[in-house]
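**Student:** Here the sequence shown is numbered in UniProt numbering, starting from 1 and rising by one per residue. Here a beta-carbon is modelled for each residue, glycine too, at the ideal position from N, C-alpha and C. All values derive from a computational prediction rather than experimental measurement. Pasting a structure here, questions to come.
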Amino acid sequence: MPVVDVQPDELRRLTGHEDKSDEEFKDDLFALGLEFEGVTDDGAFQLEFGPDRLDRLSVEGVARSLRYQYGDARGVSVPNTNDPDWTFVVDDDVPDERPYVTGAVVRGVDLDDAALDSLIQLQEKLHATMGRKRAKGAIGIHDLTMLKGDVLSENASGNSITYTGIEPDGDTFVALDSNDELTPAEVLEQHDTGRKYADLVSEYDRYPAIYDEIGLFSFPPVINGRRTEVSTDSRDLLVELTGTDQWTIDRMCNIICYALAARGATIEEVEVQYETGTVAKPDFEVETKHVSHDRIETVLGVELEMDEVIDLFERSGLDANAELAEETVYEVSIPPYRVDVLHPLDLVDDVGRAYGFNELEPRYPDVGTVGQRHERSRLEDAVRTSLVGLGFEDLLNFHMISEEENYERMDVEVGSDVPASEASGSSPEQRSGGVLGGGEPASITEPYSEDYTMLRTWVLPSLTMVLENNTHRAYPQDLAEIGHVAHRDDDENTRVAEARHVAAVLARHDATYEDAKARLAALCRDFDAELETPVTEHPSFIDGRTAAVVIDGEEVGVVGELHPKVIVDHDLELPVAAFEFDLSALA
């Protein structure tokens, strides 16, 4: 989940509530769905929130939401824009892999240190989330006074910059945090930021580049030039975004423009000149969606008057008009910075938050029975208790993961869960059920982040990632998790097979197969289950130190010592023993 640093003094200034205490702000932020995670060394709040509300990736966005909550602002607000003076010319040589561009000119912004830090944080958080680490969209922000625009023609006024493609060893420029004139190819080889993002463009025949009359000043999506670096002395800015999807970069641009407008800046349109025509940006079009009055009342469980619903929409930063027919339906206007409103239930959620979820009174459903815990949930709790008794620390990780973490870093091939009996040349020692974790992924078509592109097929990759992120902690580290896993299966009605797995790791200087098997055997004894551990092979584990987990005659998992390749790839310096199996085997 994204974590944003927000200075409470900036919140007071931007909301106009100078008398609010830190504790009052924490309560108000929690009501918005922002959880307080701690305080930085310089006193900033660390706030965690759902990745859907990307407009809250900055203090300006958080302050805007608070102003709506306090009733200081109402309805949809769209910044006024001045007529364009700058044109982005999209050249024929732009790489086909990254054809889209958008942007805006921002004038009269007051950038003190806090405002500049917030702008940089917003830029990087948008890169990490909506921009998919700059692969889908990348942002460049420049000091406009350091640019010299080309003249489009003798009869045209205004300035232009050109988005084009250049040879890797083409023109040189001085990149940010550098003093050397480098070609784009040299930036990828010699500059720290260049090396970090080199894989985004290294396969391109021509690299993306943006020129003004002076020369090359931006190498998207890698790095900007030093000539146009933004500082606290900058008052007029040029914002440019390039990417693989026009909708994505347009919405990223809107979020930045709204943040700068909150600082008193004026937004000026730019014209983007494609071969097929010219369009004006930024795109501040207000979209609409519909939701019925009955659905709002049914989901929230409260009776509301029509005027009250409209008031709650306005306090959420939306506008609503009631359409009276057989049933009351609201036409709701969505501001340009909201990228999360995809369904009528998103509108109901906004009404509920404005009403106050704490104000909702719990009541039993109007059915003939009262719910109780599922047997699977009881089993999970019992297994979890046993694992804690065996010395494991209980974890709860995300069910989503990336293909790199799930397969590549664990040395598992996609589709390798095919039973060995169906594979040619298989040896008797191979696990008859195929490779645990090698199932075909249930992938997300349009993920917000490259870190979460699929449902994990097994739990051990999540645990090894926890170990990787905690190498600075004391050892031993004995970790366990009972979690959800899934893989593609055309025999299922949903075409996805789902299960709950039990997994554990022991990271210590003397961790062995025998340690993991002993804990596994103790766990099985707690549930009167018969355990067998015949020899098997698994690419994540060391040959000869790996066994199949057979419980009550059914093969359900694997136990062993993690392979040195996996350990080294996760920057671990100690041996790790582990096991994983299907929870239902203990039922």
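Suppose the cutoff is 7 Å on Cβ atoms and the five residues either side in sequence are ignored; what does the same chain contact list for A138 look like?
**Tutor:** The residues are H127, G131, P220, P221, L241, T242, G243.
**Student:** Mapping the DSSP letters down to three states, classify R295 as helix, strand or coil.
**Tutor:** Residue state, collapsed to three classes: helix.
**Student:** To which residues of the same chain is R12 closer than 7 Å at the C-beta, ignoring the five residues directly before and after it?
**Tutor:** E18, K20, listed in sequence order.
**Student:** Have a look at L463 and V505 and give me their C-alpha separation to the nearest angstrom.
**Tutor:** Computed Cα separation, rounded: 7 Å.
**Student:** Let's test the definition: count the other Cβ atoms within 10 Å of the Cβ of G438 and tell me whether it reaches 16, buried, or not, exposed.
**Tutor:** When all chains shown are included, G438 counts as buried.
**Student:** Does the separation of the CB atoms of L144 and L238 fall below 8 Å?
**Tutor:** Cβ atoms of L144 and L238: closer than 8 Å.
**Student:** Judging by CA-CA distance, which residue of R384, F284, G434, P461 is the nearest neighbour of E408?
**Tutor:** With distances taken between Cα atoms, E408 lies closest to P461.
**Student:** Would you kindly check if the distance between the Cβ of V78 and the Cβ of F392 is under 8 Å?
**Tutor:** Not a contact, by the Cβ cut-off of 8 Å.
**Student:** Could you check which residue in T40, D307, D346 has the C-alpha nearest to that of D52?
**Tutor:** Among T40, D307, D346, the Cα nearest to that of D52 is on D346.
**Student:** Tell me the start and end of each unbroken alpha helix (DSSP H) in the stretch 92 to 152 that is at least 4 residues and wholly inside, in chain order.
**Tutor:** Whole alpha helix (DSSP H) segments, 4+ residues: 113 to 128.
**Student:** Kindly indicate which three-state DSSP category A423 falls into: helix, strand or coil?
**Tutor:** Low confidence applies to A423: its pLDDT is 39, below 50, so where it sits in the model is not reliable, and the reading given next is rough at best. Coil.
**Student:** Helix, strand or coil for N155 per DSSP?
**Tutor:** Residue confidence for N155 is low, a pLDDT of 49 falling below 50, so the modelled location carries little weight; the figure read from the coordinates is stated next. Three-state result, N155: coil.
**Student:** I'd like to know whether the C-beta atoms of L304 and G352 end up nearer to each other than 8 Å.
**Tutor:** No, they are not a contact pair.
**Student:** With a threshold of 6 Å on Cβ separation, who are the neighbours of E573 within its own chain once the five nearest residues in sequence on each side are excluded?
**Tutor:** Excluding residues within five positions, none has a Cβ falling inside 6 Å.
**Student:** When you compare only the Cα positions, how much space is there between P428 and N406?
**Tutor:** Reliability fails at P428, whose pLDDT of 33 lies under 50, so the model's placement of it is uncertain and no value is given.
**Student:** Is the beta carbon of L520 within less than 7 Å of some heavy atom of the ligand MG?
**Tutor:** For the ligand MG, the structure offers nothing, since it holds no ligand at all.
**Student:** Checking 8 Å against the spacing of the C-beta atoms, do G356 and P335 come in under that value?
**Tutor:** No, these two residues do not count as a Cβ contact at 8 Å.
**Student:** Could you tell me whether the stretch 194 to 207 touches the stretch 164 to 180, where touching means 3 or more Cβ pairs closer than 8 Å?
**Tutor:** The stretch 194 to 207 vs the stretch 164 to 180: in contact.
**Student:** Determine the direct distance from the alpha carbon of L390 to that of D489, and round the result to whole angstroms.
**Tutor:** Spanning the two alpha carbons is a distance of roughly 35 Å.
**Student:** How many angstroms separate the CA atom of A354 from the CA atom of L32?
**Tutor:** Their Cα atoms are separated by approximately 9 Å.
**Student:** On the criterion of 16 or more Cβ atoms from any shown chain inside 10 Å, does residue 594 qualify as buried, or is it exposed?
**Tutor:** There is no way to answer for residue 594, as the model of the chain reaches only from 1 to 587.
**Student:** Judging by CA-CA distance, which residue of D552, A548, E554, M400 is the nearest neighbour of E561?
**Tutor:** For the residues D552, A548, E554, M400, the minimum Cα distance to E561 belongs to A548.
**Student:** How many whole angstroms separate the CB atoms of A529 and I551, which I take to be in contact at a CB cut-off of 8 Å?
**Tutor:** With a Cβ gap of about 5 Å, A529 and I551 count as contacting.
**Student:** Could you say which of P575, E213, S584 lies nearest to F527 if we only look at CA atoms?
**Tutor:** The option with the nearest alpha carbon to F527 is S584.
**Student:** Can you give the beta carbon distance from Y211 to I161, rounded, assuming they're within the 8 Å contact cut?
**Tutor:** The Cβ separation is near 6 Å, so the contact holds.
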